[in-house]
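Engineer:
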Amino acid sequence: MRALIRSTNKEVRITGLSGVGKTRIVQALFDETVGTDALDRTVAIYVDTGSEPVPSATAMLDKLIAEGRRAIMILDNCPSELHASLASKVSAAGREVSLITIEYDIRDDKPQTTEVIHIETDSPEVAEQLLLRRFPAIGQNNARRIAEFADGNARVALAIAERGEEGESLALLSDAQLFNRLFEQRNQPDGDLREQAEILSLVYSFSVSSPDAVTDELEILGVLLGYSKIQLFKAVTKLMERHVVQKRAHWRAILPHAIANRLAASALNSIPVAQLRATFEAPDCERLLMSFSHRLGLLHDHPVAKEVVEAWLQPEGMLGE
Numbered sequence: 388m389r390a391l392i393r394s395t396n397k398e399v400r401i402t403g404l405s406g407v408g409k410t411r412i413v414q415a416l417f418d419e420t421v422g423t424d425a426l427d428r429t430v431a432i433y434v435d436t437g438s439e440p441v442p443s444a445t446a447m448l449d450k451l452i453a454e455g456r457r458a459i460m461i462l463d464n465c466p467s468e469l470h471a472s473l474a475s476k477v478s479a480a481g482r483e484v485s486l487i488t489i490e491y492d493i494r495d496d497k498p499q500t501t502e503v504i505h506i507e508t509d510s511p512e513v514a515e516q517l518l519l520r521r522f523p524a525i526g527q528n529n530a531r532r533i534a535e536f537a538d539g540n541a542r543v544a545l546a547i548a549e550r551g552e553e554g555e556s557l558a559l560l561s562d563a564q565l566f567n568r569l570f571e572q573r574n575q576p577d578g579d580l581r582e583q584a585e586i587l588s589l590v591y592s593f594s595v596s597s598p599d600a601v602t603d604e605l606e607i608l609g610v611l612l613g614y615s616k617i618q619l620f621k622a623v624t625k626l627m628e629r630h631v632v633q634k635r636a637h638w639r640a641i642l643p644h645a646i647a648n649r650l651a652a653s654a655l656n657s658i659p660v661a662q663l664r665a666t667f668e669a670p671d672c673e674r675l676l677m678s679f680s681h682r683l684g685l686l687h688d689h690p691v692a693k694e695v696v697e698a699w700l701q702p703e704g705m706l707g708e
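The working numbering applies: residue 388 is where the sequence shown begins, and numbers increase by one.
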């Protein structure tokens with residue numbers, strides 16, 4: 388990665404699911420104690436664009452280019468639109484400023500760059516070792532059980548471990564119990580919030596407000612189980628407080644997938660297939676339909692997902708031709 392960043396005349400975009408360690412990997416690129424030939428940290432400029440920095444990333448880049456300063460700009464939580472805008476400026480300016488953007492894009496489009504590094508979890512063993520370092524008293528059996536449940540996702544594993552009681556044997560908990568621990572996060576069980584989260588998880592991402600949208604996505608999703616737009620909006624706010632919803636402009640998504648897929652699977656078991664299809668296949672719902680199909684792709688073993696896709700593939704179905 389260091390060699391690529393040094394040699395390429397293109398921008399670099401680092402993608403991957405929430406919790407896989409994208410930001411930490413970029414930090415390591417500038418760490419002299421990690422590997423050899425570290426990048427020059429004295430020219431690094433890091434900003435989390437989700438924190439609405441002042442000056443803006445665009446203004447900072449314009450200033451660096453105007454001054455002809457050597458810099459490596461690292462933009463965390465960078466939306467694809469901002470990446471595309473800054474990338475065109477960097478390409479036109481030459482090689483003085485390098486651009487690295489980090490994002491798990493909660494929309495369904497693809498990064499607009501030719502140098503893409505995608506980060507995935509390797510195995511539960513890495514998350515297990517992280518837990519043992521962060522929580523030495525947790526014990527190896529507990530750490531292994533949590534890491535396996537989290538499928539190696541460090542953020543999920545840490546969230547569960549942080550909510551464990553001293554001396555508690557998490558290794559004895561079922562997947563359902565561990566999931567409840569992760570979702571409820573020391574709050575009292577809330578059946579409505581759980582059901583609302585299940586509805587929202589049926590799609591890969593959803594919009595809470597967009598002046599240009601033909602349809603109101605929260606309203607459409609709410610109809611599935613009789614919730615109003617306001618009820619779902621309140622649910623999104625609560626879920627953001629629990630750090631299981633990510634926000635990008637007006638876009639929202641239940642993340643990480645260890646949570647979203649389990650919630651979505653429960654929703655598929657609770658809503659008739661005919662109602663699911665009527666909702667997502669309705670006119671003017673093309674974006675939600677694509678987002679729903681993306682979720683089904685992550686649940687390809689679920690019987691309802693199979694039934695929906697098989698219907699789409701019939702000669703008279705949406706994909707039959």
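We treat Cβ as the ideally placed atom computed from N, Cα and C, and that holds for glycine.
Keep in mind that this is a model prediction, so the values were computed, not measured.
I need the straight-line Cα distance from glutamate 582 to tyrosine 614, nearest angstrom please.
Structural biologist: 10 Å
Engineer: Would DSSP call glutamine 633 helix, strand or coil?
Structural biologist: strand
Engineer: So, are the CB atoms of isoleucine 452 and alanine 431 less than 8 Å apart?
Structural biologist: Not a contact, by the Cβ cut-off of 8 Å.
Engineer: Give me the Cα-Cα distance between alanine 514 and glutamate 419, rounded to the nearest whole angstrom.
Structural biologist: 23 Å
Engineer: Enumerated in chain order, which unbroken segments of the alpha helix (DSSP H) with a length of 4 residues or greater are wholly contained in the stretch 496–545?
Structural biologist: 511–521 and 527–536
Engineer: Going by CA-CA distance only, name the one from Ala425, Leu404, Ile412 and Gln414 that's closest to alanine 390.
Structural biologist: Ala425
Engineer: Alpha carbon to alpha carbon, how far is leucine 650 from lysine 625?
Structural biologist: 16 Å
Engineer: Which residues share a DSSP beta bridge with glycine 403?
Structural biologist: Ile506
Engineer: Measuring straight from C-alpha to C-alpha, what distance separates isoleucine 487 and glutamate 398?
Structural biologist: Isoleucine 487 and glutamate 398: Cα-Cα distance of roughly 6 Å.
Engineer: Taking contact to mean 3 or more Cβ pairs, one atom from each stretch, closer than 8 Å, check whether the stretch 618–634 and the stretch 656–675 are in contact.
Structural biologist: no
Engineer: Considering only C-alpha positions, which residue in the set Pro523, Ile586 and Pro690 is nearest to leucine 611?
Structural biologist: Ile586
Engineer: Buried or exposed: threonine 423, going by 16 or more other Cβ atoms within 10 Å of its Cβ?
Structural biologist: exposed
Engineer: Can you name the residues that DSSP bridges to valine 434?
Structural biologist: Leu462
Engineer: Could you tell me how far apart the beta carbons of valine 503 and threonine 402 are, in whole angstroms, since I believe they sit closer than 8 Å?
Structural biologist: 6 Å
Engineer: Kindly indicate if chain B contains any beta-carbon less than 8 Å away from that of isoleucine 506.
Structural biologist: Of the chains in the structure shown, none is chain B; there is only one protein chain.
Engineer: How long is the line joining the alpha carbons of alanine 541 and glutamate 703, rounded to whole angstroms?
Structural biologist: The straight-line gap from Cα to Cα measures roughly 44 Å.
Engineer: Cβ of arginine 550 within 8 Å of Cβ of arginine 532?
Structural biologist: no
Engineer: Ordered along the chain, which non-local residues of its own chain (more than five positions away) have a Cβ less than 8 Å from that of arginine 629?
Structural biologist: Phe570, Gln572 and Asn574
Engineer: Can you tell me where the beta strand (DSSP E) with alanine 640 in it begins and where it stops?
Structural biologist: Start and end: 638–641.
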